[in-house]
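Protein chains: 2
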Amino acid sequence: MNIRRANQIAKTLEQSVVAGEFRDGERLDELKLAEQFHVSRTPIREALQVLVTSGMAEQIPRRGVFIRQPGPVELMEMFETMAELEAVCVRLAATRMTDDDLDALAQANERCQQAINDDDPDRYYAENETFHQIIYRGSANRFLEKQARHLQSRLKAYRRIQLHFRGRLKQSMSEHSDILSALKAGDADRAAEVLRDHVAIQGEKFHQLVSSLNR
Amino acid sequence: MNIRRANQIAKTLEQSVVAGEFRDGERLDELKLAEQFHVSRTPIREALQVLVTSGMAEQIPRRGVFIRQPGPVELMEMFETMAELEAVCVRLAATRMTDDDLDALAQANERCQQAINDDDPDRYYAENETFHQIIYRGSANRFLEKQARHLQSRLKAYRRIQLHFRGRLKQSMSEHSDILSALKAGDADRAAEVLRDHVAIQGEKFHQLVSSLNR
DNA sequence: GTCAATCATCTTGTATACAAAAACTCTCCC
DNA sequence: GGGAGAGTTTTTGTATACAAGATGATTGAC
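Next comes the structure, spelled out in structure tokens:
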């Protein structure tokens, strides 16, 4: 329990940031965090370096480390990048996935549908993540897969927002099925196109929400 | 000069890693580095965290931080990812670039050609980087641009290897011109295809080299 | 001679100490 | 009352100290 405390702290902090527990621009007080985690400032500072390097916080010399939550513009950019990354993954996956992979994908899709039937949004989101991760894995490119997973987790909190739009879930499921059938047919281009739009629409829904809130 | 020494150290170390000054698996000795940089272990350890987080090194608890140079497989994966990322950038750029951007791109291409004429490979590589960066920028997606630049710099050392192949430089230039003309014509698909192959071939050349060395 | 166990040494991880810069406060002046 | 400035308090950045795990060496048993 007392090995590499700093790493655990970094993970915990990352989760807190992703979960939106900090406001944009909020300063991370080393002393407070040290007290909170019952450690000295040293492991806290190492954890903060991790946050800064992974882009979740900004460091201003002699001033401190500040949380950097992406604004609407950056979020749109991140969603667009995610959409393109996923499109790349699925295009590669179309020619590289094994039959077992395809089965696993179909099963994940089934579980998504069941979660909707049971009206269990949390489970839906978990299974939805799995569905996409199977596609990343299907690209047979570990590096690409890692990048995709990283961005996926970074956008996790914002992806839930599409929940607020009536009918989106049903449409999302239908897109999943389209992707699956395109993959089964070996139609890389169609799979890529559907998946790209499937992800990009989340960014657009988010945009709609933000601009409706601003009005 | 004595503000945030740790950051400077991190940058220096990153450059050394990218430049291939460390072997794969080499342990980064905190004491030696501390002595080398004339600081205590504290800023060194913060710098090491940065290396670990950005994936250039691996940390094994209670053992130390070890350089992780990508092997042939991972390098191929990185080149493939880079190729796809660039293809995405140029496809977006095809509809988003301004005329000024296109001019800048044409100029960068000119400078590449001149560097070849002058038989100045270093300058060629610098200008080549600029050429690609203008395309990243042209995607009008700062987040994507950042990702692309990051991967570009990570692959920097390995990209030079294509130099060893006779005629590659000339072909590379011709591909640049193709991309440029496709962009001018607004042909996103062709630009994307040419650029993808343009980058992917570097990975393949690297692969050829490695397997020829293994024989 | 080989292997294992114990002991010494080295290295990491964390805590604490201290210097310097930034932020804050209080006073003084207008 | 408002603002400038000196002094105080915080807070960051680095150095040092110390505890505990990992490594290596020496010794002893077989």
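Protein chains in written order, with numbering that gives the first Met the number 0: chain A, 0 to 214; chain B, 0 to 214.
Note that the Cβ used here is the ideal one computed from N, Cα and C, for glycine as well.
Does chain A have any CB closer than 8 Å to the CB of residue i?
i: E85 (chain B); result: no
i: P60 (chain B); result: yes
i: V49 (chain B); result: yes
i: M77 (chain B); result: yes
i: E45 (chain B); result: yes
i: S250 (chain B); result: What is shown of chain B runs 0 to 214, which leaves residue 250 (chain B) out entirely.
i: E73 (chain B); result: yes
i: T94 (chain B); result: no
i: M0 (chain B); result: Since pLDDT at M0 (chain B) reaches only 43, below the 50 mark, its modelled position is unreliable, and no value is offered.
i: S53 (chain B); result: yes
Per DSSP, what kind of secondary structure is residue i in: helix, strand or coil?
i: A86 (chain B); result: helix
i: I2 (chain B); result: coil
i: V209 (chain A); result: helix
i: G202 (chain A); result: helix
i: R22 (chain A); result: coil
i: G63 (chain B); result: strand
i: P120 (chain B); result: helix
i: G137 (chain B); result: helix
i: S53 (chain A); result: coil
i: S39 (chain A); result: coil
i: T97 (chain A); result: coil
i: F78 (chain A); result: helix
i: A9 (chain B); result: helix
i: P69 (chain B); result: coil
I'd like to know if residue i contacts chain B, where contact means its C-beta is closer than 8 Å to some C-beta of that chain.
i: P42 (chain A); result: no
i: I66 (chain A); result: no
i: E25 (chain A); result: no
i: F142 (chain A); result: yes
i: T11 (chain A); result: no
i: T129 (chain A); result: no
i: R136 (chain A); result: no
i: R3 (chain A); result: yes
Measure the alpha-carbon distance for residue i versus residue j and round it to whole angstroms.
i: G185 (chain B); j: E57 (chain A); result: 38 Å
i: L194 (chain A); j: F164 (chain A); result: 19 Å
i: H197 (chain B); j: C111 (chain B); result: 15 Å
i: K31 (chain B); j: A187 (chain B); result: 51 Å
i: V17 (chain B); j: R189 (chain A); result: 38 Å
i: F36 (chain A); j: T129 (chain B); result: 45 Å
i: M172 (chain B); j: E73 (chain B); result: 27 Å
i: I43 (chain A); j: G54 (chain B); result: 20 Å
i: A103 (chain A); j: E126 (chain A); result: 12 Å
i: I115 (chain B); j: Y124 (chain B); result: 10 Å
i: A107 (chain A); j: E85 (chain A); result: 17 Å
i: L154 (chain B); j: N213 (chain A); result: 42 Å
i: L182 (chain B); j: A181 (chain A); result: 30 Å
i: Q14 (chain A); j: Q170 (chain B); result: 47 Å
i: S210 (chain B); j: R141 (chain A); result: 21 Å
i: H206 (chain A); j: D28 (chain B); result: 48 Å
Taking the continuous beta strand (DSSP E) assigned at residue i, which residues delimit it?
i: A56 (chain A); result: 56–59
By the DSSP assignment, the alpha helix (DSSP H) with residue i in it spans what residues?
i: F36 (chain B); result: 29–36
i: F142 (chain B); result: 141–158
i: Q170 (chain A); result: 167–183
I'd like to know if the region 201–209 of chain A and the region 124–141 of chain A are in contact, where contact means that at least 3 CB-CB pairs between them fall below 8 Å. No, because fewer than three Cβ pairs between the region 201–209 of chain A and the region 124–141 of chain A fall closer than 8 Å, the two stretches do not touch.
On the three-pair Cβ rule with 8 Å, is the region 75–86 of chain B touching the region 138–158 of chain B? Contact between the region 75–86 of chain B and the region 138–158 of chain B is present, because at least three Cβ pairs lie under 8 Å.
Do the region 17–29 of chain A and the region 63–72 of chain A make contact, defined as three or more Cβ pairs closer than 8 Å? Here the region 17–29 of chain A makes contact with the region 63–72 of chain A; the two share three or more CB pairs at distances below 8 Å.
Can we say the region 94–109 of chain B touches the region 164–184 of chain A, given the rule of at least three CB pairs closer than 8 Å? Contact fails: fewer than three Cβ-Cβ distances are below 8 Å.
Inter-stretch contact at 8 Å, needing at least 3 Cβ pairs: the region 42–53 of chain B / the region 1–10 of chain B: Short answer: they touch.
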